[in-house]
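Notes to accompany the following structure.
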Amino acid sequence: MCGIWGFSGRPKAAHLKAIIKRADERGGHGFGFFGITKDNRHIYHVSHGRVDVDLLVRLAWQCEVGIGHSRLVTSGDMQVMNSQPVLGDGMVVVHNGNIENHRRIMYKLGYEPRTNLDSEALIPMIKNDMADIDGSYLCISYDRYEHELKAYNKTLPLEHQRHGDTNYYCSKTWQVQS
């Protein structure tokens, strides 16, 4: 299974390092990040291989909301275009789990996929209030003025911790090393 992580608020570097490292224990084939800065700029990065913790901390530290993914290939192929976060329809999703019949779901909902990932089916499912699936996901809905981070877990862990004014999420338990 993949590793997912995210935050909303002003993140601290030590907390980011802790959740990114823990989430990457579930990945190894690729990693990605999407965040939104205070001035509404979008930062997006995907790559092959093990996570570059320092790079992701630098990117995330600029943002007020962000989600990341450490990929373990279970669906799709190793192309970077099949990395997460998945973007579409004013929404960004990272997902840990499997969505059965994802192609049929997207077709039924009139959604044209851009990747071979089952996770992309979450975009039309969330938009249509159908996202009661096995697994866990983090989603950022965004428009020009509003950014909302949603966290969901049904059968896979998704730990939530609040430190100061910042909420952190990770698919593995974590703690900041003193």
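Count the sequence shown with my numbering and you get residues 1287 to 1464, in order. Idealized CB from N, CA, C, for every residue including glycine.
Buried versus exposed call for residue i [16 or more other C-beta atoms within 10 Å across all chains shown]
i: V1366; result: exposed
i: N1382; result: buried
i: E1434; result: exposed
i: H1446; result: exposed
i: G1354; result: buried
Reference residue i; option with closest CA among the options
i: I1391; options: I1426, Y1455, D1415 and N1382; result: D1415
i: H1315; options: G1335, Q1348, W1460 and R1308; result: G1335
i: L1345; options: K1324, R1357 and S1422; result: K1324
i: L1442; options: T1452, H1449, Q1461 and D1418; result: D1418
i: D1338; options: A1304, F1293 and A1437; result: A1304
i: E1311; options: K1298, N1453, D1340 and L1358; result: L1358
i: A1299; options: D1340, K1394, G1313 and L1403; result: D1340
i: C1349; options: G1313, G1292, Y1393 and R1400; result: G1292
i: H1328; options: N1402, I1426, I1290 and Y1438; result: I1426
i: W1347; options: Y1454, L1424, K1394 and L1395; result: Y1454
For residue j and residue i, believed in contact at Cβ under 8 Å, the rounded distance
i: V1351; j: G1321; result: 7 Å
i: S1356; j: C1456; result: Incorrect: roughly 10 Å between the Cβ atoms, too far for contact.
Residues of its chain near residue i, where Cβ-Cβ distance is below 6 Å and the 5 sequence neighbours each way are ignored
i: V1332; result: G1318, V1366 and S1369
Residues near residue i in its chain [Cβ-Cβ closer than 8 Å; skip 5 each side]
i: I1409; result: V1372, G1374, D1375, M1377, V1379 and Y1397
i: D1451; result: G1295 and R1296
Cβ shell of residue i (< 7 Å), same chain only, five flanking positions each side left out
i: D1404; result: S1361, N1384, I1385 and H1388
i: P1399; result: M1392 and E1406
i: K1307; result: V1339
i: V1462; result: A1300, H1301 and A1304
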